[in-house]
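Each residue of the sequence shown is one higher than the one before, starting from 1 at the first, in full-length UniProt numbering. Comments concern the structure below.
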Amino acid sequence: PEEKHETPETNKAVTVGNDGWLATKAKSDDNTEQGKKEEEQAFRQQLLERIDADLDKEKKAQMLDLLWQYQDVFKAPEGIPTTTPLITHAIQSGDKVAYVKPYRMSPAQLQKAEEITEDLLKQGVISESSSNFNAPIVMVAKKSGETRMCLDLRALNAITTPSKFPLPTAREMFDNLAEAYYFTSLDMLWAYWSVPLREGDKSKTAFTVRNRKYAFNVMCFGLTNAPATFSHLVNKVFQGCQYEFALCFLDDVLCYSPRNFTLHLYHLSQIFKRMRAANLKFKLPKCIFGAAQIPFLGHLASREGLKPDPKKIEAVRKLRRPESKKQVRQLLGLASYYRQFVPNFASIAAPLYKLTKDKPKGVLWDDDCEWAFQEIKDSLTSAPVLMYPRWDKPFIVETDASKTGLGAILLQQTQRGTRPIAYASRLCSPTEANYSATELECLGVIYALQQFRCYVMGREFTLVTDHKSLEDLKRIKNPTGRRARWLMTLMEFMYNTQYRKGKLMAPADALSRLPRAGAIQPKEGEADDENIVAAITRAQAGEAQQLKKQTRKRTRMVTEEEPQEKMSETEEKQLGIRPEDISKAQQEDEFCGPIMEYLKTPGGNKTVSREIVHWSRYMILEKGLLWHQYEYQGDNRRRGTRIQLVVPTALHEVMLQWAHQGAFGAHIGRDKALEILRQGYFWVNMARD
């Protein structure tokens, strides 16, 4: 249904259609000058509302003047779709015919289909036909309550010769925004309907409504080669603009300019001229002009860099625990789109990937899966802002490898220090886990260069690693097997190897050394030669083992017969912190304090933030202390509740030192320290700290 906004004392109405088109319709033949002025004023107001509010008055006025000059690019005559003369869509199906009987529909659906068909006839989108082809229609209910008529074109697509036209990747486009300061987001109106069908192929899109057959005159949604044709059109229209000051992905266009507003206006004028020449339109209600940051392809592009779109991340945060393999795959698919923002994504998500490969049809959700699920959501919520690559500056590639996985970071040096451009990580296969340390480091380098090849190929860069053997890679004599293949790959690149001690390689180490789901963990009391760098006496090891057992005992599965125990005396003595000190620190903490107050008077504070309400669902107050709890399912399919003490920010450093040294009297590796902490303690982004 259309929305009509009648202006006072005029015989005109400004109409905004379902697709965002703007048109004016006469209410009578008496078309007064006053009515025209009010129409113009209403349209100018609509243009002004789409200009970024943070621009000053002068810039807003300049932008408004430009938009008014090209107002025809945002208007359509009576809402009728306009078609471009630049291209037509062909359906290459040979002599084959695709005919599928119409699906049965309810009387209400048939009535709606007739109404939609009548509108499409008036707009010239379809026409009556006597074709031998037929595609059944499907009525799809939208969230807004409206109904959309779609065609099931699977039979036609099956006999159509596919057309291959490469679509740009999001990362490929964002790499061009290094100098961007002003952003404008544009959305093309009608998109596919702007492309006419080749005359001989119109009959192939035939469909039936109440024994009357129709066919599309324009490219309809669902055709297998439609994205390729539309991408070809966009490339034609914006030739000379793409990657200079415009990024185009199907019907989405992003105009970007450096810190020169006049130049940004010029760039927009070039885009508008090309749209006018191609007889194409933009959808004004979805456009944003002259902004400092703008959502584009699920990301938020800004002057500082790139980060996930908060609206998309909010959708991830609201996801419930997956209950089937299909839901697990959907979760991983959504989260993987933003994996470049999560330094340790592959290792974090390992328990969930394992669920998709297990033979049982059901999902055996355990403690590791719950941690991975929550950690993915937390990591995406606090994802770092990634820097746009500066092609005039040298790149730095940090890489590291362990028997768990491979990690790599692409960085560049700036005035504010070294900043990340992208993260990459993956798990090692069982075969790769048996490689020697030297081979693992070589594998890590090869993986990093494969991931960042488009950045470092053909230019000098610095390769930073924590293994000295990599400095002599180019001097290996008579290499064989995989070493020979790796060295041949490395010869393609121009790099300088820089050795850095492992303790200074925290970011890349974090990517590769997180525990892998299903990996064999050392038993209590066993030393890990790679991680323990100080001697542990028998007495210290015995004390540590006892402390570890007590910690695990406190976090065992809690049932009605097993009430939660307070912090043990051994832990209190080892940490040097009393429970009352922790309670006080929690109350003064920015994260813990508001949650504790909210739990004391649930529902009493109406102004509490959504974040506090969210976290309070997983918290309980017990004897003045704030505890984190969540349900999980163990290997024996027994459900239980994990209880962890919430550590305030002021005590994070103390807990980290205790986990690394206090428990063993010596420095242990990151994985073991993290395992110890998770037995009984919780804070947001613990793994990152």
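All residues carry an ideal CB built from backbone N, CA and C; glycine is no exception.
{"Query": "Please report how far the alpha carbon of residue 682 lies from the alpha carbon of residue 418, in whole angstroms.", "Result": "30 Å"}
{"Query": "By how many angstroms is the C-alpha of residue 207 removed from the C-alpha of residue 150?", "Result": "10 Å"}
{"Query": "So what does DSSP say about residue 102, is it helix, strand or coil?", "Result": "coil"}
{"Query": "How long is the line joining the alpha carbons of residue 47 and residue 259, rounded to whole angstroms?", "Result": "23 Å"}
{"Query": "Below 8 Å on the Cβ atoms is my contact criterion, and I expect residue 335 with residue 349 to pass it. Report the Cβ-Cβ distance as a whole number of Å.", "Result": "7 Å"}
{"Query": "Per DSSP, what kind of secondary structure is residue 180 in: helix, strand or coil?", "Result": "coil"}
{"Query": "Give the list of continuous beta strand (DSSP E) stretches no shorter than 3 residues that lie fully inside the region 370-457.", "Result": "395-401, 405-414 and 417-427"}
{"Query": "Among 75, 244 and 292, whose alpha-carbon lies nearest the alpha-carbon of residue 56?", "Result": "292"}
{"Query": "Counting only runs that start and end within the region 241-321, where is the beta strand (DSSP E) found for 3 or more residues in a row?", "Result": "246-249, 252-257, 288-291, 293-296, 299-302 and 306-308"}
{"Query": "Between residue 220 and residue 130, what straight-line distance do the alpha-carbon atoms span, to the nearest angstrom?", "Result": "18 Å"}
{"Query": "Can you tell me which of 580, 615 and 601 puts its alpha carbon nearest to the alpha carbon of residue 623?", "Result": "580"}
{"Query": "Please state whether DSSP places residue 220 in a helix, a strand or coil.", "Result": "coil"}
{"Query": "Just confirm the distance between the C-beta atoms of residue 422 and residue 380, as a whole number of angstroms; I'd bet it's less than 8 Å.", "Result": "The Cβ separation is near 15 Å, so there is no contact."}
{"Query": "Using beta-carbon positions only, say whether residue 290 and residue 267 come within less than 8 Å of one another.", "Result": "no"}
{"Query": "State the DSSP-derived secondary structure class of residue 209, mapped to helix, strand or coil.", "Result": "strand"}
{"Query": "Measuring CB atoms only, is the region 147-166 touching the region 225-244, in the sense that at least three cross pairs come out at less than 8 Å?", "Result": "yes"}
{"Query": "Report yes if the C-beta distance between residue 132 and residue 103 is below 8 Å; otherwise report no.", "Result": "no"}
{"Query": "Assuming residue 281 and residue 125 make a contact with CB atoms under 8 Å, what is their CB distance in whole Å?", "Result": "Not really, about 15 Å apart at Cβ, beyond 8 Å."}
{"Query": "How would you call residue 481, buried or exposed, if buried means at least 16 neighbouring beta carbons within 10 angstroms?", "Result": "exposed"}
{"Query": "I need the DSSP call for residue 107, collapsed to helix, strand or coil.", "Result": "helix"}
{"Query": "Three or more beta-carbon pairs under 8 Å between the region 77-88 and the region 171-180, yes or no?", "Result": "no"}
{"Query": "Who are residue 197's beta bridge partners in DSSP?", "Result": "89"}
{"Query": "Quick check: what's the CA-CA separation for residue 155 versus residue 138?", "Result": "14 Å"}
{"Query": "Are residue 625 and residue 645 closer than 8 Å when you measure CB to CB?", "Result": "yes"}
{"Query": "Using only the alpha-carbon positions, how far apart do residue 111 and residue 373 sit?", "Result": "45 Å"}
{"Query": "Tell me the DSSP secondary structure of residue 495 in three-state form.", "Result": "strand"}
{"Query": "From 398, 486 and 392, pick the residue whose C-alpha is nearest to that of residue 458; which is it?", "Result": "392"}
{"Query": "Buried or exposed for residue 235, please, with buried defined as at least 16 other CB atoms from any protein chain shown within 10 angstroms of its CB.", "Result": "exposed"}
{"Query": "For residue 462 versus residue 399, is the C-beta spacing smaller than 8 Å?", "Result": "no"}
{"Query": "In the DSSP assignment, find the unbroken beta strand (DSSP E) run with residue 323 in it and report its ends.", "Result": "Note, residue 323: premise wrong, no beta strand (DSSP E); not H, not E."}
{"Query": "Am I right that residue 299 and residue 178 are in contact with their C-beta atoms under 8 Å? What's the rounded C-beta distance?", "Result": "Actually they do not touch by this definition, with Cβ atoms about 15 Å apart."}
{"Query": "Return helix, strand or coil for residue 682, following the three-state DSSP convention.", "Result": "strand"}
{"Query": "Answer with buried or exposed for residue 50, where buried requires no fewer than 16 other C-beta atoms within 10 angstroms of its C-beta.", "Result": "buried"}
{"Query": "What would DSSP say about residue 461, mapped onto helix, strand or coil?", "Result": "strand"}
{"Query": "Under the three-state reduction of DSSP, which class applies to residue 141: helix, strand or coil?", "Result": "strand"}
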